[in-house]
Each structure stands twice: as C-alpha cells, then as structure tokens.
Amino acid sequence: MGTLFTRRSTLFLLLAAGVTSACAKPKFESYSGPEVTRIEVHKSTRRMYLLHHDQVLRGYDVDLGFAPDGHKTQEGDGRTPEGRYYIDRRNPNSAFYLSIGISYPNTADRAQAVTRGVDPGGDIFIHGTPRAFRRARDWTAGCIAVTDREMREIYAMVPMRTVIDIFP
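So, in structure tokens, the structure goes:
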C-alpha cells in the first residue's frame with residue numbers, strides 16, 4: 056500500500072510539473088529574421104520601431120519617463136533622453152523582466168552636466184513592465200517600457216551596438 060501511494064504521488068507530481076512547465080512562457084526567444092540595424096523611438100507618439108535599414112520590422116507602443124517632454128539633462132528629472140545612442144548592455148536578470156541598456160549619458164550629455172554642476176544620471180534601458188505599472192502611463196524614471204511579451208521579442212532581435220535614435 057505504501058509503495059502504491061508513493062508511486063501515485065510521484066506520478067501526480069511529475070504530471071503537475073509537466074503541465075506547469077508546458078504553460079510557462081519561455082523567457083528567452085530566438086530570432087532568425089533580418090538583422091535589426093537601428094531602433095527609432097518617437098516620444099511624441101509613444102512609438103518604437105525596430106528597423107532593418109529603412110524597413111520597419113516591428114513597432115511597439117511605449118511608456119516613457121514620468122516627465123517625458125524634453126531631453127534628459129540630469130539625474131531624477133524623469134525625462135527620457137533624446138538623440139543618437141547605441142545598445143551597450145543586456146540584463147537577463149532585470150528587475151523589469153528583461154532589459155537592454157542605452158548608452159546614455161554620452162560625451163555631450165556629460166559635458167552639459169558638468170557645466171551645470173549636476174549629475175547627468177544614467178541606467179537608461181528598454182525594459183518590460185511590472186504588473187503594478189501595466190495600466191500606468193509614462194511611469195519610468197527615464198527608461199522606455201514595453202510589455203514583457205514584447206520585451207522577449209526585442210531582447211531576441213536587438214544585438215549589442217545597435218544604434219538607437221530617440222526623437223522628441
């Protein structure tokens with residue numbers, strides 16, 4: 056009787072684990088389409104595009120910093136930077152699901168901050184959206200946020216050193 060109970064319990068646990076893992080979405084996807092050569096972010100329309108040269112591969116609605124108008128000039132201003140940057144890091148263990156880093160601040164950003172005697176800030180990313188912010192608008196500290204599903208796709212598609220142009 057004890058052996059039968061143990062076998063049934065083990066079988067039940069294995070089946071439950073299989074169902075759970077079959078339902079779980081994989082965090083990492085693969086991508087084999089055209090290379091993403093550039094990212095464009097249009098702050099005024101809250102849209103981001105992944106491009107292969109001039110061909111749009113994907114488009115996304117985005118949330119921005121909590122004070123999105125204008126270029127980021129200092130830490131804590133809540134603005135999303137504007138200008139040309141590049142993807143300089145990847146974080147598979149981000150607090151915001153997955154994230155890819157934007158090279159802000161660049162040399163010009165640092166120089167303007169020095170002349171004003173302020174910290175330009177940093178740690179600007181494209182990242183996912185935690186459950187608490189899924190209905191919020193422009194909630195980040197200056198980052199660009201998409202859904203977690205979209206972030207899986209973006210993480211798979213965008214290689215390091217990809218140019219990102221962020222427009223007003």
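Quick note on numbering: the sequence shown equals residues 56 to 223 in my numbering.
Quick reminder that beta carbons are idealized off the backbone N, C-alpha and C, glycines included.
Checking the DSSP bridge columns, you'll see residue 102 partnered with 97, 116. Taken in chain order, the unbroken stretches of beta strand (DSSP E) that lie wholly in the region 133-203 and span 3 residues or more are 138-146, 154-157, 179-182. With respect to residue 137, residue 223 sits close: the two C-beta atoms are nearer than 7 Å. About 16 Å separates the beta carbons of residue 127 and residue 172, which is beyond the 8 Å limit, so they are not a contact pair. Under the DSSP definition of a beta bridge, residue 220 partners with 95, 139. A buried status is given to residue 207, since no fewer than 16 other beta-carbon atoms sit within 10 Å of its beta-carbon. In the DSSP assignment, residue 107 forms a beta bridge with 110.
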